[in-house]
Amino acid sequence: MTTTTAADRRAHAKTQYNAFLAACPSQRLLARISGKWVALVLSALGSGPDCDGEPRPLRNSELARILAGVSPKMLSQTLRSLERDGLVTRTVTPTVPVTVSYELTDLGLSLHRTVRELKRWAEANRDAVTANQQRYDGA
-13 MTTTTAADRR AHAKTQYNAF LAACPSQRLL ARISGKWVAL VLSALGSGPD CDGEPRPLRN
47 SELARILAGV SPKMLSQTLR SLERDGLVTR TVTPTVPVTV SYELTDLGLS LHRTVRELKR
107 WAEANRDAVT ANQQRYDGA
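One point on numbering: in the working numbering, the residue at position 56 of the sequence shown is 42, and numbering is uninterrupted.
Shown next, in the form of structure tokens:
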């Protein structure tokens, strides 16, 4: 049996979750959370309908109104995957008709903060990026 030092164990642990390594499982997680609809759903759930407020539960129909262009199937798939990942909770209220709402978990809220900043960056810099693309394409 080989003896390992604390330094050896720390070095080994660093290689286990390094997204730059092809075998790292965090690459799959990055791929899952970097999708367009995931980012927008997290942003909407974390900020309410005006996308600048406090996090609150939203119904599927509210999310569909906020996220112009999302298909019902894509919204359902995205919400289901976020629920599976533990980023969103789904609450069913026994009313007529049944009310279903979605809310960020603590884990989802921690990711929302990052996604919200990415959304703000994209909104603030879209004209500069478009100008750079046009300059590049014209060269």
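Note that CB positions come from ideal geometry on N, CA and C, so glycine has one too. Since the structure is predicted, the reported quantities are computational estimates derived from the model, not experimental observations.
| query | result |
| --- | --- |
| Assuming PRO41 and SER33 form a contact by the criterion Cβ under 8 Å, report the distance between their Cβ atoms to the nearest whole angstrom. | 7 Å |
| Within the region 47 to 105, note down every full beta strand (DSSP E) run reaching 3 residues or more, in order along the chain. | 74 to 79, 85 to 90 |
| In this structure, how does DSSP classify LEU16 when only helix, strand and coil are distinguished? | helix |
| For ALA9 and TYR3, I'd like the C-alpha separation in whole angstroms. | 9 Å |
| Excluding five sequence neighbours on each side, which residues of the same chain lie with their C-beta closer than 6 Å to the C-beta of ALA25? | VAL101 |
| Short of 8 Å in beta carbon distance, which residues of its chain neighbour LEU65, apart from the five on each side in sequence? Order them along the chain. | VAL27, ASN46, LEU49, VAL74, ARG76, TYR88 |
| Hey, GLY94 and LEU53: beta-carbon distance below 9 Å or not? | no |
| On the three-state DSSP scale, how would you describe LEU26? | helix |
| Quick one, are the C-beta atoms of TRP107 and LEU61 less than 9 Å apart? | no |
| Tell me whether SER29 is buried or exposed, calling it buried when 16 or more other Cβ atoms sit within 10 Å of its Cβ. | buried |
| Tell me the DSSP secondary structure of ARG(-5) in three-state form. | helix |
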